[in-house]
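Working notes, structure below.
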Amino acid sequence: SITGFHVQYNKAIVGANAFAHESGIHQDGILKNRETYEIMTPESIGLEKSSLVLGKLSGRAAFKDRLKEIGYDLSEEMLNEAFKKFKDLADKKKEIADEDIVALVDDSIVNQKSRYGLVNLEVKCGTDAEASVSVKIKIDNDEVTTNFRSKDGPVDAIFNAISKLIPHNASLELYQVQAVTEGTDAQATVAVRLKQNNRIFSANGANTDVLTASAIAYINCLDKLQTNLR
37 SITGFHVQYN KAIVGANAFA HESGIHQDGI LKNRETYEIM TPESIGLEKS
87 SLVLGKLSGR AAFKDRLKEI GYDLSEEMLN EAFKKFKDLA DKKKEIADED
137 IVALVDDSIV NQKSRYGLVN LEVKCGTDAE ASVSVKIKID NDEVTTNFRS
187 KDGPVDAIFN AISKLIPHNA SLELYQVQAV TEGTDAQATV AVRLKQNNRI
237 FSANGANTDV LTASAIAYIN CLDKLQTNLR
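Under this note's numbering, the first residue of the sequence shown is numbered 37, with each subsequent residue one higher.
What follows is the structure, encoded as structure tokens:
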């Protein structure tokens, strides 16, 4: 504060990255024995502990350790599903925050019980052009595809295309988009609320692409609706 110079992130001992580990090999070594890569403890300079920076180089052990820190205890099958989504997200985003992990794990839990799931989404739109979408979804063990065009934008086209594949009489009560973390590469969490027969059904979807997150949320909500109204 006196000199006006900030401490460099890579400064030995006192830099923000001094006790941060990003490489998968380093993270695994730290989890097994901290002395493998740390000749002194972070506590000795006033830090609480070392930090594992989750990204595309992180392995399964570091991911599982972070899940336990957050409070998740997943079965092997659900861990495999969540780790696959984590690696997909890490290819799009440099650093994965705890909020990102919560979003993708919650999405994995929903998918374990779902009849429906998004397989593929293609969107074409322009300033003065109709939005055109092609949607492929999973219904039980089958995959079905349809197309839809809309003058009211890509989200309207996506929702109408999905409604062709999963017919219903519900009305859309809420469509809300939020960023999970900061930055242009942040995951978007989309909340959808549907109403049918005076009953309300809500669901969320998360993805770095807002339109994909919207499709996931809408499908998840229809899955809840169809399951409860059978």
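Just so it is clear, CB atoms sit at the ideal spot from N, CA and C, and this is done for glycine as well.
On a predicted model such as this, the values are computed, not experimentally measured, just so you know.
_Alpha carbon of residue 251 to alpha carbon of residue 154, nearest angstrom_ = If you draw a straight line from the Cα of residue 251 to the Cα of residue 154, it is about 7 Å long.
*Inspect the CB distances between the region 128-146 and the region 165-180 and report whether three or more fall short of 8 Å.*
Cβ pair count under 8 Å is below three, so no.
*asked:* Give the list of continuous beta strand (DSSP E) stretches no shorter than 3 residues that lie fully inside the region 161-230.
replied: Inside the region 161-230, DSSP marks whole beta strand (DSSP E) runs of 3 or more residues at positions 165-175, 178-186 and 207-215, from first to last along the chain.
*asked:* Does the region 211-226 come into contact with the region 112-119, if we say contact requires no fewer than three beta-carbon pairs (one atom in each stretch) closer than 8 Å?
replied: They do not touch, by the three-pair rule.
*Of the listed residues 229, 69, 82 and 127, nearest to residue 94 (C-alpha basis)*: The residue with the shortest Cα to Cα distance from residue 94 is 127.
*When DSSP builds the beta bridges, which residues end up paired with residue 153?*
In the DSSP output, where bridge partners are listed per residue, residue 153 has 174.
*What residue does the alpha helix (DSSP H) around residue 252 start on, and which one ends it?*
Where residue 252 is concerned, the enclosing alpha helix (DSSP H) stretches over 246-264.
*Simplified DSSP assignment, three categories, for residue 236*: In the three-state reduction of the DSSP assignment, residue 236 falls in the strand class, which pools E and B.
*Just grab the DSSP bridge partners of residue 158 for me.*
Residue 158 is bridged by DSSP to 170.
*Assuming residue 242 contacts residue 224 under a Cβ cut-off of 8 Å, what Cβ separation, rounded to an integer in Å, is found between them?*
7 Å between Cβ atoms; contact.
_My output table needs one value for residue 116: the three-state DSSP class, helix, strand or coil._
Residue state, collapsed to three classes: helix.
*Expressed to the nearest angstrom, what Euclidean distance is found between the alpha-carbon atoms of residue 68 and residue 176?*
The alpha-carbon separation between residue 68 and residue 176 amounts to approximately 41 Å.
*Quick one: Cα of residue 158 to Cα of residue 254, how far?*
In this model, residue 158 and residue 254 are separated by some 16 Å (Cα to Cα).
*Among 92, 235 and 202, which one has its Cα closest to the Cα of residue 174?*
The option with the nearest alpha carbon to residue 174 is 202.
*So what's residue 133 in DSSP terms, helix, strand or just coil?*
If DSSP states are grouped into helix, strand and coil, residue 133 belongs with coil.
*State yes or no: is the C-beta of residue 187 within less than 7 Å of the C-beta of residue 181?*
No. Outside cutoff.
*asked:* the ligand MN and residue 219: does the residue's C-beta get closer than 6 Å to at least one heavy atom of that ligand?
replied: Among the ligands in the structure shown, none appear at all, so the ligand MN cannot be discussed.
*Residue range of the alpha helix (DSSP H) that residue 100 falls in?*
96-106 is the span of the alpha helix (DSSP H), which, as asked, contains residue 100.
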